[in-house]
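Down below is the structure, laid out as structure tokens.
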Amino acid sequence: MSAYALETRPLAMDLYSLLREMDPGRWRTDSAQATAEHLARFKVALDDTLAALESRIQTSSPDEELRTVRARLAEIQEIVGGQVTASAAASREQWMALRVALLPRYESLRSVLRTEAVHVPALRPTNYRRSLVHVTSGFVAFTIISLLPGRAWLVGIASLFFVYAWVVEFIRRRSPSFNARVMAFYAPIAHAHEWDRVNSGTWYCTALFIIAMTGSPLVCAIAVLILGVSDPMAALIGRRWGKTKLVNGRSLEGTLAFAVSGTLVASLMSAWVYPISLPQAFALAGVAGVAGAIAELFSRSIDDNLTIPVAAGGAAWLLSLVLL
-14 MSAYALETRP
-4 LAMDLYSLLR
6 EMDPGRWRTD
16 SAQATAEHLA
26 RFKVALDDTL
36 AALESRIQTS
46 SPDEELRTVR
56 ARLAEIQEIV
66 GGQVTASAAA
76 SREQWMALRV
86 ALLPRYESLR
96 SVLRTEAVHV
106 PALRPTNYRR
116 SLVHVTSGFV
126 AFTIISLLPG
136 RAWLVGIASL
146 FFVYAWVVEF
156 IRRRSPSFNA
166 RVMAFYAPIA
176 HAHEWDRVNS
186 GTWYCTALFI
196 IAMTGSPLVC
206 AIAVLILGVS
216 DPMAALIGRR
226 WGKTKLVNGR
236 SLEGTLAFAV
246 SGTLVASLMS
256 AWVYPISLPQ
266 AFALAGVAGV
276 AGAIAELFSR
286 SIDDNLTIPV
296 AAGGAAWLLS
306 LVLL
């Protein structure tokens, strides 16, 4: 771990905080002044950090990583350089355009720091189209699982999705042009960090494969509903109304929204489709919702599209062994 990477981390965290302020789910009409002041402070810190790195480059024999960090910061400086003077009076659309321009630059800086074992969090901005896809995929998966004629079909189809997803990941790593085509197709719903990392869809298919090994369509159905409904609900509530901070940028309000929404939806849908009573469905969905909320709360370096379904499905499966 290099000294310059550690010195750059506070600046990267400040950019992370700034981008969270500009998130469309958090933005208010009175946000511009405070965010403009934050942006001005960030620009001063960015200029100072770049000057320090430039001095180090001129007075020593810099390695390639140092030059790369400086290049990433210079890209950020170029974007924010002309934004400070008029930003307090800028429209919401102008702020969102600045946010869109900065997002990939933040991820590029984050990627460089990660190679130096310096952690800064991935930014997961509000994306209503992604949230809609999340919810839709949850109900579609629930319907497919409920209509399958047997457990062998459950395992077989989950295995096909698992193999397909990882084959695509393998090809993406070997072919930049293929990766560009895939990510261009998914651009409206993809996070910036998914360009050079395993994408969330692959982790979701992996989770489906793992929970399918329980052989229980009910458990799998509950798990996909928990992820499909609770994850976007937690993001929506947490970003807009979350005040009580917990860990990893999560809030108490978002975590409660996760557990409650997942429990209600999964219990009602399960009791309607499967031959179990409403109290049994509520118990299974309740432990799955709480387990999924805990997994989401502590998912930092592991994608929560893997951890949430596995935790929710695992908890529901264990209780089902006793309850059903």
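Start counting the sequence shown at -14; every next residue gets the next number (the working numbering). Built from N, CA and C at the ideal position, the CB exists for glycine as well.
Please return the same chain residues whose Cβ sits closer than 6 Å to the Cβ of residue i, not counting the five positions on each side in sequence.
i    : result
S284 : T292
N290 : S185, W188, Y189
L309 : none
L51  : Y(-11)
L31  : Q62
W226 : E238
V258 : S131
S160 : none
R95  : V105
Which residues does DSSP list as the beta-bridge partners of residue i?
i    : result
K230 : S236
Can you tell me where the alpha helix (DSSP H) holding residue i begins and where it ends?
i    : result
L87  : 77 to 100
R114 : 113 to 132
W302 : 289 to 308
G277 : 263 to 283
A165 : 161 to 170
S185 : 185 to 197
E174 : Just to set this straight, residue 174 is Ile in the shown sequence, not Glu. Counting along the chain, I174 falls outside any alpha helix (DSSP H), and DSSP gives it neither H nor E.
P202 : 202 to 210
Going by C-alpha distance, which of the options is nearest residue i?
i    : options                : result
A278 : I261, L269, A296, D288 : A296
L58  : S305, E39, S76         : E39
Q79  : R55, V148, P161, T20   : T20
R41  : M(-2), V65, Y(-11)     : Y(-11)
S305 : F267, D288, E281, M168 : F267
L88  : A126, A242, A107       : A107
L24  : Q62, R52, T44          : Q62
H9   : L31, S76, D48          : In the sequence on display, residue 9 carries Pro and not His. It is S76.
F127 : S252, A(-3), L51       : S252
A175 : R109, L132, L282, D48  : R109
L212 : L133, V118, S236, I142 : V118
V272 : Y259, V54, V307        : V307
T191 : L241, L269, F146       : F146
A270 : V29, A300, D288, L282  : A300
A82  : V232, L94, V250, V65   : V65
G234 : V245, T248, L282       : L282
Y113 : S160, R11, K28         : R11
R180 : V54, S93, Q18          : The amino acid occupying residue 180 in the given sequence is Trp; Arg does not appear at that position. Answer by Cα proximity: S93.
G135 : G200, T240, A172, V183 : G200
CB-CB under 8 Å to residue i, same chain, minus the five flanking residues each way: which ones, in chain order?
i    : result
I130 : L139, P202, C205, A206, V209
L2   : The sequence given here has Ser at residue 2, not Leu. These residues qualify, in order along the chain: H23.
T34  : E(-8), T(-7), L(-4), L58
S116 : P217, A220, L221
V153 : V167, T187
Y91  : A(-3), L0, Y1, L4, I61, L108, A177
F243 : S215, D216, M218, A219, G274, G277, A278, E281
S144 : F194, A197
W302 : I196, T199, S201, V204
If you drop the 5 nearest sequence neighbours on each side, which residues of the same chain put their C-beta closer than 7 Å to that of residue i?
i     : result
R157  : F163, N164, V167
R84   : L4, M7
R(-6) : L98, V103, V105
T70   : Here the model assigns T70 a pLDDT of 49, short of 50, so the residue's position is not dependable and the matter cannot be decided.
L86   : A small correction: the amino acid at residue 86 is Ala; Leu does not occupy that position in the sequence shown. I64.
S236  : G223, G227, K228, T229, K230
S122  : G213
Check whether the Cβ of residue i lies closer than 9 Å to any Cβ atom in chain B.
i   : result
L98 : Reference to chain B is not applicable here, since this structure consists of a single protein chain.
Exercise. Would you mind listing the beta strand (DSSP E) stretches within the region -3 to 72 that are 3+ residues and don't spill past its ends, in chain order?
Key: If we require 3 residues or more, the region -3 to 72 turns out to have no beta strand (DSSP E) run fully inside it.
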